[in-house]
Amino acid sequence: MSQSFDIAVIGATGTVGETLVQILEERDFPIGNLHLLASSESAGSSVMFRGKNVRVREVDEFDFGKVQLVFFAAGPAVTLSFAPRATAAGCALIDLSGALPPEQAPQIVPEANAGLLAGLSKPFQVSSPSASATALAVVLAPLRQCLELQRISLTASLAVSAQGRAAVSELARQTAELLNARPLEPKFFDRQMAFNLLAQVGTPDEQGHTLLERRLVRELRQVLEQPSLKISVTCIQAPVFFGDSFSVTVQAASAVDLAKVNAALEAAPGIELVEAGDYPTPVGDAVGQDVVYVGRVRGGIDDPAELNMWLTSDNVRKGAALNAVQVAELLIKDLL
1 MSQSFDIAVI GATGTVGETL VQILEERDFP IGNLHLLASS ESAGSSVMFR
51 GKNVRVREVD EFDFGKVQLV FFAAGPAVTL SFAPRATAAG CALIDLSGAL
101 PPEQAPQIVP EANAGLLAGL SKPFQVSSPS ASATALAVVL APLRQCLELQ
151 RISLTASLAV SAQGRAAVSE LARQTAELLN ARPLEPKFFD RQMAFNLLAQ
201 VGTPDEQGHT LLERRLVREL RQVLEQPSLK ISVTCIQAPV FFGDSFSVTV
251 QAASAVDLAK VNAALEAAPG IELVEAGDYP TPVGDAVGQD VVYVGRVRGG
301 IDDPAELNMW LTSDNVRKGA ALNAVQVAEL LIKDLL
């Protein structure tokens, strides 16, 4: 592509932001000028891009009129504060925080619902879903051609990296303390995380569901374009640095044809189907990869309309950064 685009990345010093910049370089995204932005606490540091150190500047002082596209890879508060400025300047934006309503910025997973982009108008506002919703949508979307989804029940075992560098550092510190027989004092997490499982990620509401669980349900329904799809989800915190894993049960309207299911998964983009008898793991397979791994595809023990699967995906790379870049590639190809 001969045309280049001036781009900004907000949250460039975070785990997702740094990976996003790395993927932009790997995929030879047509960038003219790259502006890396962050809070005042992170401004002044540098991120490597195309062999050069690019200085990170304060987002507060940035003129969005300098760019055509901006990635919001920081928290919801940052998006809510600066998205109006970006839009007023005529920038297209891709938000990874979940802060914007779908009516304003629809959730896009290219493997599942890229067609929604055609109905947008300038300046384009698009959301990249949570890493969990992205991974699940990549796998569930192709199944719609061979079965009717009625209910999804899933347990999401989430890596600590979804909560940022502080959570990764905390797991490392706890692990070192326990291995060296030192007393453990939890700091980031409210209890021991190393060698443990925590039954919730975030604070539950009055009904017992966390914000992340509700977000996952909302985003999956929107991306799969099934607003009434019944979804039951439990998110647990696993002592894993990178890579989310999911135990998924699909209730179909009729008996599941496993041969058709496997054929659909084998042919779908963004999926690596593991051969029967084997199974993928986040550390051994998914981390650093651009696909969602699927294994243990099987029917129900006593229900022919049930389908069970095991999924694992790099939450920072595939679930967050890569999906956002793929959305941007579609935007510049067809719309900008």
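Using the numbering used here, the first residue of the sequence shown is number 1, and each one after it goes up by one. Using N, Cα and C, we set each Cβ at its ideal position, and we do this for glycine too.
Asked                                                                                                                                                                      : Found
May I ask which residues mark the beginning and end of the beta strand (DSSP E) holding residue 315?                                                                       : Careful: residue 315 lies outside any beta strand (DSSP E) and carries neither H nor E.
Compare the Cα-Cα distances from residue 66 to each of 114, 51, 76 and 87 and report the closest residue.                                                                  : 87
Please report the straight-line C-alpha distance between residue 290 and residue 231, rounded to a whole angstrom.                                                         : 26 Å
Which residue wins for smallest C-alpha separation from residue 112, given the options 122, 142, 90 and 92?                                                                : 142
For residue 165, count neighbouring Cβ atoms within 10 angstroms of its own Cβ and tell me buried if that reaches 16, exposed if not.                                      : exposed
With residue 334 as the anchor, note down where its alpha helix (DSSP H) starts and where it stops.                                                                        : 323-334
Excluding five sequence neighbours on each side, which residues of the same chain lie with their C-beta closer than 6 Å to the C-beta of residue 64?                       : 85, 86, 89 and 91
If you draw a straight line from the C-alpha of residue 100 to the C-alpha of residue 13, how long is it?                                                                  : 22 Å
Let's see if you can read the secondary structure: which residues bound the alpha helix (DSSP H) around residue 82?                                                        : 76-88
Check whether the Cβ of residue 83 lies closer than 8 Å to any Cβ atom in chain B.                                                                                         : Considering every chain present, this structure includes no chain B. It has just one protein chain.
Spatial neighbours of residue 109 within its chain, please: CB distance less than 7 Å, with the 5 preceding and 5 following residues excluded, ordered by chain position.  : 129, 134, 137, 138, 223 and 323
Can you round the beta-carbon distance between residue 18 and residue 47 to whole angstroms, since I take them to be within the 8 Å contact cut?                           : 6 Å
Please give me, in chain order, every unbroken run of the alpha helix (DSSP H) with length at least 4 that falls completely inside the stretch 92-131.                     : 110-113
Report the three-state DSSP secondary structure of residue 208 (helix, strand or coil).                                                                                    : coil
Let me confirm a value: residue 70 is counted as buried when at least 16 other C-beta atoms fall within 10 Å, else exposed. Which label applies?                           : buried
Please state the DSSP three-state secondary structure of residue 256.                                                                                                      : coil
Answer with buried or exposed for residue 179, where buried requires no fewer than 16 other C-beta atoms within 10 angstroms of its C-beta.                                : exposed
Quick one: what does DSSP say residue 31 is sitting in, helix, strand or coil?                                                                                             : strand
If you count every other CB in all the chains shown that lies within 10 Å of the CB of residue 1, and 16 or more means buried, which is it?                                : Any reading at residue 1 is ruled out, since the residue's pLDDT is 49, under 50, leaving its predicted position unreliable.
Curious, which full-length alpha helix (DSSP H) runs of at least 4 residues does the stretch 151-196 contain?                                                              : 165-179
So, does the stretch 239-259 touch the stretch 296-312, judging by three or more C-beta pairs under 8 Å?                                                                   : yes
Return the chain-ordered list of same chain residues with a C-beta closer than 8 Å to the C-beta of residue 236, the five sequence neighbours on each side being excluded. : 155, 156, 157, 158, 197, 198, 199, 200 and 201
Is DSSP giving residue 23 helix, strand or coil here?                                                                                                                      : helix
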